[in-house]
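Residue numbers (full-length UniProt numbering): 13 to 453. A virtual CB, placed ideally from N, CA and C, is assigned to each residue, including glycine.
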Ligand code: PNW
């Protein structure tokens with residue numbers, strides 16, 4: 013950790029991209045402006061008991077109105093790139109049919125604004141705000157959603173393709189399937205393993221169908237997918253714990269990695285699912301296996317798994333989410349990807365960060381734990397680079413505090429503090445540290 017505190021961007025390979033990330037629903041607000049249709053998160057927020065603080069995304073960081081100020085903030089950090097997502101219901105309010113000009117115009121202005129400030133736009137097409145109309149027809153369980161997604165991806169790529177060089181199809185399909193249809197923590201809040209696995213397959217299919225659409229409308233750009241990968245360590249060497257960790261790894265990681273990179277679903281996961289395993293039609297795995305130019309990895313923590321489930325080891329440092337701080341897990345994960353997948357494309361860390369109970373005092377936020385988190389994880393990343401992993405970039409999650417899904421505004425992940433009462437943005441110590449790391453101060 014001592015060495016980690018002296019890291020600067022010059023310790024990384026030439027051309028390595030550093031950025032910050034956000035997503036549409038978490039920051040934009042303006043949920044019923046300019047013809048935007050309702051998304052599953054608008055619906056979910058209105059159901060009682062779903063969001064810890066009873067909040068919703070109607071205002072969020074008001075980024076839809078404050079985007080210019082926010083672009084200045086991004087530029088002031090000295091980053092190379094900004095990862096944001098496009099809200100599907102701003103483009104197609106019901107998930108199909110003609111595109112709304114006003115919606116496309118917003119992301120067009122954002123793109124131009126970034127380029128004018130010398131910041132590369134990295135677009136994510138789906139960060140969970142599915143048009144409600146598509147959910148009413150079954151959501152990702154309905155194969156038609158995958159086709160609708162590919163069409164929408166083509167519309168966005170056509171509009172931004174002359175300027176945006178990097179597209180991710182989906183953000184974290186594990187969250188949009190398992191966490192949303194099986195664990196019930198995210199929209200649409202279901203608890204059904206069969207539906208969750210069908211949704212996972214539908215999402216992967218949507219990804220595979222979208223890749224050629226994006227390539228067709230934005231030739232020469234980089235196309236990929238973003239996975240949240242969580243290493244699963246057995247809590248002891250007891251065979252039952254080892255087996256439990258292996259299956260947890262199957263559900264968390266291999267369920268997505270194997271079809272994308274190996275053209276097959278993990279046998280053990282499907283065997284454990286029995287009759288709940290999804291229907292895979294002929295040709296689906298070929299579609300899903302479409303070659304990508306990069307894979308985005310979101311890393312926050314690991315799981316320590318026993319027969320009884322997951323638990324954070326006693327005395328382990330944790331963030332405000334209760335997630336263990338375990339930077340070595342990032343190195344281990346990346347090296348394992350290189351070892352296990354011969355067809356692994358270049359990697360980007362598309363999210364990494366931590367929530368802490370920040371306090372604004374005299375115009376400052378002394379978030380030393382977040383600074384340490386970023387430093388140790390960047391150190392872990394360098395270890396992976398030195399081990400020969402082809403890594404191209406790193407995006408800190410997040411630019412600013414925002415709507416943290418089931419936790420509402422209670423959890424703060426930003427490098428920039430948001431005072432929601434006034435919408436004032438204040439650079440935390442972590443933002444000041446990132447500026448220095450990037451050579452901006
Ligand atoms: C990711 N889990 O979400 C998302 O991509 C971000 O939008 C989010 O703000 C960030 O990580 C922090 O949570 C996750 O329960 C949400 O395992 C929940 C889980 C994982 C990722």
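Below 8 Å, how does it come out for the region 136–144 and the region 46–64: are there three or more Cβ pairs, yes or no? yes
Cβ-based burial, residue 82 [other Cβ within 10 Å; buried from 16]: buried
Distance between residue 243 and residue 347 (C-alpha atoms, nearest Å): 11 Å
Please look up how many angstroms separate the CB atoms of residue 230 and residue 176, rounded, as I've assumed it's under 8 Å. 7 Å
Tell me whether residue 240, by its Cβ, gets closer than 7 Å to a heavy atom of ligand 1. yes
Rounded C-alpha distance that separates residue 258 from residue 364: 24 Å
Taking C-alpha atoms, which residue in 374, 410 and 419 lies nearest to residue 382? 410
Can you list, in chain order, the residues of its chain with a C-beta nearer than 7 Å to that of residue 401? Leave out the 5 residues immediately preceding and following it. 346, 347, 350 and 359
Comparing C-alpha positions only, which one of 262, 188, 298 and 371 sits nearest to residue 283? 262
When the Cα atoms are used, what is the spatial distance from residue 248 to residue 71? 46 Å
Does residue 394 come within less than 8 Å of chain D when only Cβ atoms are used? Considering every chain present, this structure includes no chain D. It has just one protein chain.
Compute the minimum distance between the beta carbon of residue 191 and the heavy atoms of ligand 1, and state whether it is under 7 Å. yes
My output table needs one value for residue 160: the three-state DSSP class, helix, strand or coil. helix
Should residue 373 go down as buried or exposed, given a rule of 16 or more other Cβ atoms within 10 Å for buried? exposed
Could you check whether the region 55–72 touches the region 91–111, counting it as contact only if at least three pairs of C-beta atoms, one from each stretch, sit closer than 8 Å? no
For residue 134, which of helix, strand or coil comes out of DSSP? strand
For the candidate residues 87, 266, 271 and 132, whose alpha-carbon lies nearest to that of residue 296? 271
Helix, strand or coil for residue 348? Go by DSSP, reduced to three states. helix
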